[in-house]
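**Q** Counting from 70, one number per residue, gives the positions in the sequence shown under the numbering used here.
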Amino acid sequence: RHPLLVLADSDIVVPRDYLTRVLAPLIEPQVGLVTCPYVGRPRGGLWSALGALFISDWFMANVRLTQLFGAQSFVSGATIALRRDVLDRLGHLSTVANELADDFRLGEQVRRLGLRIVLSDLYVETLVDEPTPSAFARHTLRWLRTIQSLQPWGYAFCFVTFSVPLALVGAALAHFNHDSVLLLEITVAARVMLHCFGARIGRAPLRSALRQLPLLPLHDLLLPALWCWSFSRRAVSWRQQQFEIGRDGALYRLPEIE
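Structure (structure tokens):
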């Protein structure tokens, strides 16, 4: 019924000028879709804090890095803004209904129309609520396997982004000699700076970011472990239901085990 449409996840927090800022780029006819980067805001508890770190310190940092090299493939369900005429040309949302990465596939279709995708400079916040270790693991594995289903080769080599564990292994292999320890210290310093930068763009106070520093070693060890685990099967858990990921990226519901 309307010429401009905005889709957004139900767990995001936005500023008052949200609609004005995300819709503005659609004035240009060659812009087909606008999406927003996001940061994690934990609802409380250790596992929620670790889930928020996964979003802010690893996932979105990698997204920004690919953007610097000119990639336009990122589309986030946190915000998808587009004109009604573009959606009509795509054939409506039913074309991505069963896709694990439905937001990514929607952006893919927009690019096939010869239209640009704009990554807004507006960061929204997604509320992270992981009450248990298993909830944290299931959610993180779903995100990791989503990336794997879209870019299997890039995902296979993303271990290079696990900077501190790799530097620690390198220092151990070098028997912690002077040069390897120096490189490890530089890596740790860069990791702390990345965390503080993520907090700044998420409008979190610096003292809040500093309070989270003791969680960084745990997060940076859990992430490689879950990355290794993600190769064990092609399945995800979504709202208490199990799905297999097809080779085409579509979801197929698995039967419940009594």
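C-beta atoms are modelled at their ideal positions from N, C-alpha and C, and glycine is treated no differently.
Let's see if you can read the secondary structure: which residues bound the alpha helix (DSSP H) around residue 118?
**A** Residue numbering aside, residue 118 sits at position 49 when the sequence shown is read from its first letter. First-last of the alpha helix (DSSP H) with residue 118: 115–122.
**Q** Taking buried to mean at least 16 other C-beta atoms within 10 Å of its own C-beta, is residue 194 buried or exposed?
**A** The sequence position of residue 194 within the sequence shown is 125, counting from 1. Label assigned to residue 194: buried.
**Q** Just how far apart, CA to CA, sit residue 205 and residue 294?
**A** In the sequence shown, the residue the question calls residue 205 occupies position 136. In the sequence shown, the residue the question calls residue 294 occupies position 225. Taken atom to atom, the span from the alpha-carbon of residue 205 to that of residue 294 is near 13 Å.
**Q** Can you grab the Cα-Cα spacing for the pair residue 89 / residue 243, in whole Å?
**A** Against the sequence shown, residue 89 aligns to sequence position 20. Against the sequence shown, residue 243 aligns to sequence position 174. Those two C-alpha atoms are separated by around 54 Å.
**Q** Among the residues of its own chain, which have a CB less than 8 Å from the CB of residue 327, if the five just before and after it don't count?
**A** In the sequence shown, residue 327 corresponds to position 258, counting from 1. In this prediction, residue 327 scores a pLDDT of 42, lower than 50, which makes its location untrustworthy; the coordinate-derived value is nonetheless stated afterwards. Closer than 8 Å at the Cβ level, and outside the excluded window around residue 327, lies no residue.
**Q** Taking DSSP's pairing of strands, which residues face residue 298 in a bridge?
**A** Here the question's residue 298 lines up with position 229 in the sequence shown. DSSP, once it has assigned bridges, lists no residue as partnering residue 298.
**Q** Take residue 87 as the anchor and find which of 72, 317 and 104 has the nearest alpha-carbon.
**A** For the purposes of this step, residue 87 is identified with residue 18 of the sequence shown, where counting begins at 1. The option with the nearest alpha carbon to residue 87 is 104.
**Q** Under 8 Å by Cβ, that's how I've got residue 106 and residue 129 pegged, so tell me the actual separation to the nearest angstrom.
**A** Translated into the one-based positions of the sequence shown, residue 106 becomes position 37. Translated into the one-based positions of the sequence shown, residue 129 becomes position 60. Their Cβ separation, rounded to whole angstroms, is 6 Å, which keeps residue 106 and residue 129 in contact under 8 Å.
**Q** Going by beta-carbon coordinates alone, are residue 136 and residue 185 separated by less than 9 Å?
**A** Counting from one through the sequence shown, the residue named residue 136 turns up at place 67. Counting from one through the sequence shown, the residue named residue 185 turns up at place 116. Not closer than 9 Å, so no.
**Q** Three-state secondary structure (DSSP) at residue 319?
**A** The residue labelled residue 319 in the question sits at position 250 within the sequence shown. Here residue 319 sits in strand by DSSP.
**Q** What separation, rounded to the nearest whole angstrom, lies between the Cα atoms of residue 239 and residue 218?
**A** To locate residue 239, count along the sequence shown from 1; it is residue 170. To locate residue 218, count along the sequence shown from 1; it is residue 149. Roughly 30 Å separates the two Cα atoms.
**Q** Evaluate residue 264 with the Cβ neighbour count: other Cβ atoms within 10 Å of its Cβ, from every protein chain shown; 16 or more gives buried, anything less gives exposed.
**A** Against the sequence shown, residue 264 aligns to sequence position 195. Under this definition residue 264 is a buried residue.
**Q** Is there a C-beta anywhere in chain C that falls below 9 Å from the one on residue 81?
**A** Looking for chain C here will not work: only one protein chain is present.
**Q** Need the endpoints of the alpha helix (DSSP H) that residue 267 sits in, please.
**A** Residue 267 sits at position 198 when you count from the first residue of the sequence shown. Its alpha helix (DSSP H) spans residues 247–270.
**Q** Give me the DSSP bridge partner(s) of residue 194.
**A** For the purposes of this step, residue 194 is taken as residue 125 along the sequence shown, with counting starting at 1. Answer is 82 and 108.
**Q** Would DSSP call residue 151 helix, strand or coil?
**A** On the sequence shown, residue 151 is found 82 positions in, with the first residue counted as 1. Looking at residue 151 - three-state DSSP - the assignment turns out to be strand.
**Q** Taking the alpha carbon of residue 76 as the point to measure from, which residue in 270, 175 and 158 has its own alpha carbon closest?
**A** Walking along the sequence shown from the start, residue 76 turns up at place 7. Looking at the Cα atoms, 175 is the closest of the given residues.
**Q** Contact between the stretch 117–127 and the stretch 278–292 is defined here as three or more beta-carbon pairs at a separation below 8 Å; is this criterion met?
**A** Verdict: yes, contact present.
**Q** Taking its Cβ as the centre, do 16 or more other Cβ atoms sit within 10 Å of residue 139, making it buried, or is it exposed?
**A** Within the sequence shown, numbered from 1, the residue matching residue 139 stands at position 70. By the 16-neighbour rule on beta-carbons within 10 angstroms, residue 139 is exposed.
**Q** Determine the direct distance from the alpha carbon of residue 300 to that of residue 252, and round the result to whole angstroms.
**A** On the sequence shown, residue 252 is found 183 positions in, with the first residue counted as 1. On the sequence shown, residue 300 is found 231 positions in, with the first residue counted as 1. The alpha-carbon atoms of residue 252 and residue 300 are separated by roughly 30 Å.
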